[in-house]
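Our numbering runs 140 ahead of the 1-based position in the sequence shown.
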Amino acid sequence: PEQWQLHSKSRPDQISVRLEDIALKRDLAYYVALSALISMDRRELANHVLKSNVFSNLASGTTEAVQVIEHFLNGDNLKFQACLSTICRNLKYDPFFGDFTQDFGESKLIFRRIRQK
(Lines of atoms letter the chains of each structure in order from A and count residues from 1; the text may use other names and numbers.)
(Lines give C-alpha, C1' and ligand atoms only; values in the text may rest on other atoms or scores of the structure.)
Protein backbone atom coordinates (compact mmCIF):
# COMPACT_ATOMS: atom_id res chain seq x y z
CA PRO A 1 0.00 0.00 0.00
CA GLU A 2 0.96 3.58 -0.59
CA GLN A 3 1.36 4.38 3.11
CA TRP A 4 4.09 1.71 3.36
CA GLN A 5 6.27 3.37 0.77
CA LEU A 6 9.31 4.89 2.37
CA HIS A 7 11.25 7.70 0.80
CA SER A 8 14.83 8.58 1.57
CA LYS A 9 13.68 11.85 3.16
CA SER A 10 10.99 10.20 5.33
CA ARG A 11 11.39 10.39 9.08
CA PRO A 12 10.10 7.56 11.32
CA ASP A 13 7.57 9.90 12.93
CA GLN A 14 6.11 10.65 9.49
CA ILE A 15 5.44 7.03 8.57
CA SER A 16 1.83 6.05 9.00
CA VAL A 17 0.79 2.40 9.14
CA ARG A 18 -2.61 1.33 10.40
CA LEU A 19 -3.09 -1.85 12.41
CA GLU A 20 -5.56 -3.08 9.78
CA ASP A 21 -2.74 -2.97 7.22
CA ILE A 22 -0.61 -5.36 9.27
CA ALA A 23 -2.93 -7.85 10.96
CA LEU A 24 -6.60 -8.71 11.10
CA LYS A 25 -8.34 -7.96 14.38
CA ARG A 26 -9.65 -11.54 14.28
CA ASP A 27 -6.13 -12.96 14.06
CA LEU A 28 -4.94 -10.82 16.98
CA ALA A 29 -7.86 -12.09 19.07
CA TYR A 30 -6.86 -15.65 18.14
CA TYR A 31 -3.21 -14.98 19.12
CA VAL A 32 -4.28 -13.64 22.51
CA ALA A 33 -6.63 -16.57 23.13
CA LEU A 34 -4.05 -19.18 22.11
CA SER A 35 -1.25 -17.51 24.07
CA ALA A 36 -3.47 -17.26 27.13
CA LEU A 37 -4.61 -20.88 26.87
CA ILE A 38 -1.08 -22.21 26.66
CA SER A 39 0.41 -20.03 29.39
CA MET A 40 -2.29 -19.24 31.98
CA ASP A 41 -4.18 -21.26 34.54
CA ARG A 42 -7.97 -21.21 34.81
CA ARG A 43 -8.08 -18.39 37.36
CA GLU A 44 -5.83 -16.19 35.24
CA LEU A 45 -7.87 -16.92 32.11
CA ALA A 46 -11.09 -15.93 33.86
CA ASN A 47 -9.74 -12.85 35.65
CA HIS A 48 -7.20 -11.45 33.23
CA VAL A 49 -8.51 -12.39 29.80
CA LEU A 50 -12.27 -12.85 29.85
CA LYS A 51 -12.79 -9.86 32.15
CA SER A 52 -10.45 -7.67 30.11
CA ASN A 53 -12.10 -4.83 28.21
CA VAL A 54 -9.16 -4.81 25.81
CA PHE A 55 -9.66 -8.48 24.94
CA SER A 56 -13.44 -8.03 24.68
CA ASN A 57 -12.90 -5.15 22.27
CA LEU A 58 -10.37 -7.08 20.24
CA ALA A 59 -12.54 -10.20 20.11
CA SER A 60 -15.76 -8.42 19.19
CA GLY A 61 -17.08 -10.14 16.08
CA THR A 62 -14.76 -13.10 16.66
CA THR A 63 -16.85 -15.47 18.72
CA GLU A 64 -14.38 -18.37 18.62
CA ALA A 65 -11.69 -16.42 20.49
CA VAL A 66 -13.97 -15.87 23.48
CA GLN A 67 -15.83 -19.18 23.24
CA VAL A 68 -12.69 -21.32 23.19
CA ILE A 69 -11.70 -19.88 26.58
CA GLU A 70 -15.23 -20.06 27.97
CA HIS A 71 -15.66 -23.70 26.91
CA PHE A 72 -12.25 -24.55 28.37
CA LEU A 73 -13.18 -22.95 31.70
CA ASN A 74 -16.60 -24.62 31.75
CA GLY A 75 -15.11 -28.04 30.98
CA ASP A 76 -17.20 -28.40 27.82
CA ASN A 77 -14.59 -30.42 25.98
CA LEU A 78 -16.52 -31.07 22.75
CA LYS A 79 -17.31 -27.39 22.19
CA PHE A 80 -13.79 -26.42 23.26
CA GLN A 81 -12.26 -28.83 20.72
CA ALA A 82 -14.65 -27.60 18.00
CA CYS A 83 -13.69 -23.96 18.63
CA LEU A 84 -10.00 -24.82 18.70
CA SER A 85 -10.37 -26.68 15.38
CA THR A 86 -12.14 -23.68 13.85
CA ILE A 87 -9.35 -21.37 14.98
CA CYS A 88 -6.76 -23.80 13.58
CA ARG A 89 -8.57 -23.85 10.21
CA ASN A 90 -8.91 -20.06 10.17
CA LEU A 91 -5.17 -19.71 10.79
CA LYS A 92 -4.23 -22.20 8.05
CA TYR A 93 -2.42 -19.52 6.01
CA ASP A 94 -1.26 -17.46 8.99
CA PRO A 95 2.45 -16.58 8.98
CA PHE A 96 2.85 -17.74 12.61
CA PHE A 97 0.40 -20.63 13.00
CA GLY A 98 -0.25 -21.68 9.43
CA ASP A 99 0.53 -24.91 7.62
CA PHE A 100 3.21 -23.28 5.49
CA THR A 101 5.43 -21.70 8.14
CA GLN A 102 9.02 -22.72 8.74
CA ASP A 103 8.05 -23.71 12.26
CA PHE A 104 5.05 -25.79 11.18
CA GLY A 105 5.84 -28.41 13.79
CA GLU A 106 6.00 -25.76 16.51
CA SER A 107 2.56 -24.36 15.69
CA LYS A 108 1.02 -27.83 15.67
CA LEU A 109 2.74 -28.54 18.99
CA ILE A 110 1.06 -25.45 20.48
CA PHE A 111 -2.38 -26.68 19.42
CA ARG A 112 -1.56 -30.18 20.73
CA ARG A 113 -0.46 -28.80 24.12
CA ILE A 114 -3.61 -26.69 24.41
CA ARG A 115 -5.77 -29.72 23.58
CA GLN A 116 -4.01 -31.78 26.26
CA LYS A 117 -4.30 -29.09 28.91
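The beta carbon of each residue, even a glycine, is placed where N, CA and C say it ideally should be. As the structure is a computational prediction, the values presented were derived from the model and not from experiment.
Query: Skipping 5 residues on each side, what residues in its chain have a beta carbon closer than 8 Å to that of Leu177?; Result: Leu185, Val208, Ile209, Phe212, Ile254, Lys257
Query: Identify whether Leu231 lies in helix, strand or coil by the three-state DSSP scheme.; Result: coil
Query: Count the other CB atoms, across all protein chains shown, that sit within 10 Å of the CB of Asp239; report buried if there are 16 or more and exposed otherwise.; Result: exposed
Query: Since Ala222 contacts Ala173 with CB under 8 Å, what's their CB separation in whole angstroms?; Result: That belief does not hold up - the Cβ atoms of Ala222 and Ala173 are roughly 14 Å apart, past 8 Å.
Query: With DSSP as the reference, label Lys219 as helix, strand or coil.; Result: helix
Query: So Lys257 is in the alpha helix (DSSP H); what residue range does that whole segment cover?; Result: It is not in any alpha helix (DSSP H) - Lys257 carries neither H nor E in the DSSP assignment.
Query: Alpha carbon to alpha carbon, what distance is there between Val189 and Leu168?; Result: 13 Å
Query: What are the start and end residues of the alpha helix (DSSP H) that includes Leu190?; Result: From DSSP, Leu190 is part of no alpha helix (DSSP H); its letter is neither H nor E.
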